[in-house]
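Protein chains in written order, with the numbering used here: chain A, 212 to 389; chain B, 446 to 1053. In this text, a Cβ means the ideal position worked out from N, Cα and C, and glycines have one as well. Bear in mind that the values here come from a model prediction, so they are computed numbers and not experimental data. Worksheet: one structure, shown below.
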Amino acid sequence: MSETQKAPDRRNFVTKVASIVVGGLISVVAPVAGLLTFLDPLRRKSDTRGLVRITSLASLPENGEPRKFPVLDTLVDAWNKTENVPVGSVYVQKTGPDTVRVLNSVCPHLGCSVGYRATTQGYFCPCHKSAFAIDGSIADPKSPSPRAMDELTAEVRDGEVWVRFQNFRKGSPDKIAV
Amino acid sequence: MADTSNSPSEPGSKLQQAERWLDNRTGFKGLLHEVLFENVPGGSRWRYVWGSTLSFFFVVQVITGTFLWMSYSPSTQSAWESVYFIQHQMWGGWFLRGLHHFVAQAMTVLLVLHLMQVIIDGAYKAPREVNYWFGVVLLLLILALSLTGYLLPWDQNGYWSTAVSTNLVGMSPIVGQAAQTVVVGGANYGHQTLSRFLALHAGVIPGVIILFIVGHVYLFRRHGITPAKPLKGPDEGFWPEQILKDVVACLAVLLVVLFFVVREHGAPLGAPADPAEQFSAARPEWYFLFLFQMLKYFPGKTEIIGAIILPTLLLLTLAAMPIIGKWRLGHRFNLGFMGVMLGGVVLLTWQAMAADKNDVEFQAAKATAKRDAARAVELANGGVPITGALSLMRDDAYTRGPRIFSQNCSSCHRFDGHDGLGSPLPKDSISGSDLKGFGSREWVRGFLHADTILTSRYWGGTIHAEGDMAMWLADHAPEDEDEQAMRENVVLALSYQAKLRSQSALDVRDSARIASGIAFMRNTSSGCAECHKFQDVGTDSPELTDWGSREWTIAFVADPTHPRFFGRDNDRMPSFGTEKTLSQREIEMVVDWLRGEWHTPKATAAKP
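Right, dumping it as structure tokens:
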């Protein structure tokens, strides 16, 4: 390196260090500002919903066969806030005179939409062929899904079905709310 | 790893070995050497820093712009909203926006300094002509960036300023109209305008700029620096002497930028663009103000001279400098031309600023714009409907109310002496009462007074000045303390009818006095009910039950000629509702604004 340098070495060293320090200093400002906004989603918690009315108990078959319903609630999407729009869907089945079971219709494996098959009386995910029994438990041990379908907290009030709608982390054996 | 180079037996640390391995395959050391060890004849100097600072800040713009792009959504219902979200909701979003905004301004200044240094040092002369032309193209491209970026937040200022600049494009001969339609993406400004401007601003123009910068730097290195004579000392290397000066200059500019970013808390964001809302505060960025001002000197058909011909001539002269410079006095001409041009720009900019500063209407419009901008953020904090923030603004009593008042009421009424938006009104235009604080105790107190009711603040300019009410007040001036107290009780009782939210605590506190006042009002022989209908007593109008309340006032504005109000005694007040001059919602908004009762949503939008 030294062949092009004519200035005394010591001064040269100080100049180099100063250049690198100042250059480094000015170079971090823009990336840091950008990274803060880029990482902003990490500090946002998902909104926790209250109970949402899904349907009336009378609309469910007496034999316990599930019916799929959209969940209509307030959707907050970045700056937008929209009332009464679909935020997901659930399977609801009658399990007693005033009890229901409510399953999130999304597969716990990788998030595909799970269908109900009346012929097998169970749920089946078309993406990776996870099979679930009518109560949401894993029906086929070869199913790639690490856990049963996600059951949601539900209540029957005055003949109406109310659900606390939630999504859970996919691909994990544990049911962790997101 | 199987190393095919000659290095396995060579000594040195692992790092040196890795360096050699990489250099054998890429030749990066030679490249680095090429980049860093440019000879600087006569040693490093501060006057050479401008090119480097421009390159540095261009990179800053690419970085900040890319991150902004990740959060920006180009459509008329989401552009302002996403920028609002960046500025007011995202972590450090205001800082990112501010940096991008103020670095853009700094670059404009740096461009001028760079150009000045090049012209003064004669660096445009042979063999560097092509490089100079590259620079002129880069100057135009950077200005194009600033023009396209100004629209993207889709706020009032960006919208109306861009309308002007694109209409100027439309004025250009032959292809102007077609060019405007293509750039705008249609006859009107909308989704297509935003997506096109974003593609230009974030993709096309920066891409072309990078090509030109590569060419510019390549040619610069090919010909070397143009040393400013006399040389000040021995040659130095670009690394590290000149680089140190370059980075220190960058740091200095960055510090100035950061000062503005922090002081302004990011970049300005006006109220969302509204094609139906006059925006008298529209101005281009300060560095385009000279063009804006120049237009004023070319009225009517001569406009094209100021808008297109003159700027084109200036630009052509700028581009021709290398050729002019060859003449005997060419360089001197160039220097003189640059001086005159810069002086002209400074003068025009100063004129534009001074004109605005002394323009009362512009200042009022600016204050309104500032208030609207703050209000838009307040409303958006409660969550924006999918129809966009503009629909919140159109339904907002706080900002719509004064506009409706200014357009429909201020030809007779005033609000605190002005037209509702802060503009003064001609004295002779006043006939109706000043409606600031209508229904409040203070307002009623002045009204129920024999002298003040005859001032222009109340009924001085109306036929009611000679009516029964004014006569009654003149005949019944309170004569002793008891009568004074009773009059005050009536003031409280009548004002209580208005049910102003701002007065609710006072109304509760003074309930005993109000009850006494109401008893007087109900007296059909000597109280208000002698004439007025009040609750279940009295017969005549205007009715005093709930006088001045929201419902009463809305019904009054809708039809003051209704028997409940002035009936046939109505002076000149139009029936805004029954004549369909104003919609029900518009009347509600102006009344809510007069009452100071507008809805402000709770901040809920996606707070972390």
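Pairwise C-alpha distance: B/Leu824 and A/Gln377: 28 Å
Interface flag, B/Ile658 vs chain A, CB-CB below 8 Å: no
Within 8 Å, strictly: CB atoms of B/Leu583 and B/Ile508: no
Beta-carbon gap between A/Val263 and A/Val311 smaller than 8 Å: no
Candidates B/Glu686, B/Thr607, B/Leu555 and B/Glu748: closest to B/Val485 by CA position: B/Glu686
For B/Phe642 and B/Ala765, the rounded distance between their alpha carbons: 31 Å
Pairwise C-alpha distance: A/Ala365 and A/Gly261: 11 Å
Inter-residue Cα distance where the pair is B/Asn1015 and B/Ala943: 21 Å
Residue from A/Ser270, A/Thr259 and A/Pro308 whose Cα sits closest to the Cα of A/Asp284: A/Thr259
Cutoff 8 Å: B/Ile670 Cβ touching any chain A Cβ: no
When B/Gly833, B/Val653, B/Trp997 and B/Phe782 are compared against B/Asp1037, the one with the closest alpha-carbon: B/Trp997
Neighbour-count burial assignment, B/Val791, 16 or more Cβ in a 10 Å radius: exposed
Nearest residue (CA-CA) to B/Ala1000, options B/Thr897, B/Met914, B/Thr1026 and B/Phe1021: B/Phe1021
Exposed unless 16 or more other CB atoms sit within 10 angstroms - verdict on B/Thr813: buried
Interface flag, A/Pro242 vs chain B, CB-CB below 8 Å: yes
Which listed residue (B/Asp952, B/Trp904, B/Ile831 and B/Gly867) has its alpha carbon closest to that of B/Arg886: B/Asp952
Contained alpha helix (DSSP H) runs [length at least 4] in the region 872 to 905 of chain B, N- to C-terminal order: 886 to 892
Simplified DSSP assignment, three categories, for B/Trp772: coil
B/Arg932 - containing alpha helix (DSSP H), residue span: Glu926 to Gln942
Same chain only: Cβ atoms within 6 Å of B/His858, ignoring 5 sequence neighbours per side: Gly877 and Leu880
Straight-line Cα distance separating A/Ala289 from B/Thr794: 40 Å
Members of the region 712 to 739 of chain B that neighbour chain A once the beta carbon cut-off is set at 8 Å: none
Reduced DSSP category for A/Tyr327 - H, G, I as helix; E, B as strand; rest coil: strand
Inter-residue spacing [alpha-carbon to alpha-carbon] between B/Ala964 and B/Ala957: 11 Å
Near-chain A residues of the region 679 to 700 of chain B - C-beta to any C-beta below 8 Å: Pro679, Asp680, Glu681, Gly682, Trp684, Pro685, Glu686, Ile688, Leu689, Val692, Val693, Cys695, Leu696 and Leu699
Cβ-Cβ distance between B/Asn826 and B/Pro1046 below 8 Å: yes
Residue ranges of each alpha helix (DSSP H) within the region 558 to 633 of chain B, 4 or longer: 574 to 596, 601 to 616 and 621 to 629
Per-residue DSSP class, three states only, for A/Glu294: strand
6 Å Cβ shell around B/Asp955 - same chain, five flanking residues per side excluded: Leu937
C-beta contact flag for A/Val325 and A/Val317 at 8 Å: yes
Residues of its chain near B/Leu592, where Cβ-Cβ distance is below 7 Å and the 5 sequence neighbours each way are ignored: Ser610
Boundaries of the beta strand (DSSP E) in which B/Val674 is found, first to last residue: The amino acid at residue 674 of chain B is misidentified as Val; the sequence shows Lys. Premise fails: B/Lys674 is in no beta strand (DSSP E) and is neither H nor E.
Closest residue to B/Phe683 among B/Val494, B/Leu467, B/Gly1012 and B/Met966 (Cα-Cα distance): B/Val494
Which listed residue (B/Leu499, B/Leu541, B/Lys674 and B/Ala726) has its alpha carbon closest to that of B/Asp801: B/Ala726
Interface partners of B/Leu485 on chain A, CB under 8 Å: Looking at the sequence shown, residue 485 of chain B is not Leu but Val. In chain order: nothing, as chain A lies at least about 11 Å away.
Cα-Cα separation between A/Cys336 and B/Ser520, rounded to whole angstroms: 36 Å
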